[in-house]
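Residue numbers (the numbering used here): 81 to 375.
Backbone N, C-alpha and C define an ideal beta-carbon position, used for all residues, glycine too.
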DNA sequence: ACTAGCCCCTGGGAGC
DNA sequence: TGCTCCCAGGGGCTAG
């Protein structure tokens, strides 16, 4: 489901709604989603902690937690939503493995796939819904989680000011792979997945198969500008809603209607009317205009 | 040290 | 209507 803009939307929502809340109880029915610590210890360790701040790193949601007496957070809960995960805020009732909504507008199917609930002291709940059960949850001390490869391996944040064109040029010069795959590799640049890599390359007029290190300076500049432009715009529009992305309020994002190539196979290119093509790259589909995107 | 390809899961949509 | 096949936004692991 989520790439950088979608995860940022969730993080912004959480920061508005749950800061200062204390976790009073935990419920889950798919223990394997909790990779760390042992699921049995998870509730014991996270109970009574207070939510300090929520951040994003790549596509990971980082919820910093503190003991009631602490000034600075010492614990960290990491949630990666992978393909179909959603974090939702609401109130649910769990009975005989059936989850029903008590309050709010989340009367959607998404409720059937709730596999983890954090109960908060203000009566609200944070729920993780995940149809395909690929999501990943890690919890531990701040130092412990921050030093895991899951976070250490992540490449630079594309929207940060300090991520400059020169950094981008250096990164691309080291990559012989197809530009499409390089953009989607979170170890090179974080937060870009299949949807936005298609949109970025379309805007930059670069063929997805072009090897990253063969792009000219001018082409690299186009890609760099497209990354900043498209991701920035998507964040402002609260993400894309292909099939089932939702904010924590269950409402879809607005970027889907701004998509120009993703899932537009056989539709005319907005620039030249040539039909958009779909091809496989690294097991995933790439959409592009065969006429205006140059190899 | 690379990469392609499979795998983790479940459901939706297309085609027969 | 129902069956089968293909597809899905992430990313870890393995075999070559």
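Non-local C-beta neighbours of residue 238 in its own chain, meaning closer than 8 Å and more than five positions away in sequence, comprise 84, 269, 270, 271, 272, 307, 308, 311, ordered along the chain. DSSP places residue 277 within a helical segment (H, G or I) once states are collapsed to three.
The three-state reading of DSSP puts residue 359 in strand, counting E and B together.
Distance from the CA atom of residue 363 to the CA atom of residue 355, rounded to whole angstroms, is 22 Å. Within its own chain, the residues whose Cβ lies closer than 7 Å to the Cβ of residue 115, once the five positions on either side in sequence are excluded, are 216, 217, 218, listed in chain order.
In the DSSP assignment, residue 169 forms a beta bridge with 206.
In this chain, the beta strand (DSSP E) harbouring residue 132 covers 130-137. Rounded to whole angstroms, the Cβ separation of residue 327 and residue 164 is 15 Å, and the two are not in contact under 8 Å. Secondary structure at residue 233: coil, using DSSP grouped into helix, strand and coil. The three-state reading of DSSP puts residue 140 in strand, counting E and B together. Here the alpha carbon of residue 98 sits roughly 23 Å from the alpha carbon of residue 117. Measuring C-alpha to C-alpha distances from residue 257 to each of 232, 277, 266, 293 identifies 293 as the nearest. A contact between stretches requires three or more CB pairs, one per stretch, nearer than 8 Å, and the stretch 127-134 meets this requirement with the stretch 142-151. A distance of 8 Å or more separates the beta carbons of residue 106 and residue 141.
Residue 320 sits in coil when the DSSP states are folded into three classes, being neither helix nor strand.
The residues 262, 268, 292, 293, in chain order, have a CB closer than 7 Å to that of residue 255 in the same chain once the five nearest residues on each side in sequence are set aside.
Listed as beta-bridge partners of residue 366 by DSSP are 359.
Taking every protein chain shown into account, the CB of residue 159 has 16 or more other CB atoms within 10 angstroms, so this residue is buried. Here the alpha carbons of residue 174 and residue 260 stand approximately 43 Å from one another.
The three-state reading of DSSP puts residue 117 in coil, since its state is none of H, G, I, E or B. Secondary structure of residue 304 (DSSP, three-state): helix. The beta carbon of residue 359 sits closer than 6 Å to the beta carbons of 366 from its chain, once the five residues preceding and following it are set aside; these are given in chain order. As the crow flies, the alpha-carbon of residue 206 is around 16 Å from that of residue 113. Judged by DSSP secondary structure, residue 248 falls within the alpha helix (DSSP H) whose first and last residues are 245-253.
The alpha-carbon of residue 171 is positioned some 23 Å away from that of residue 125.
Counting other Cβ atoms within 10 Å of its Cβ, residue 277 reaches 16 or more and is therefore classed as buried.
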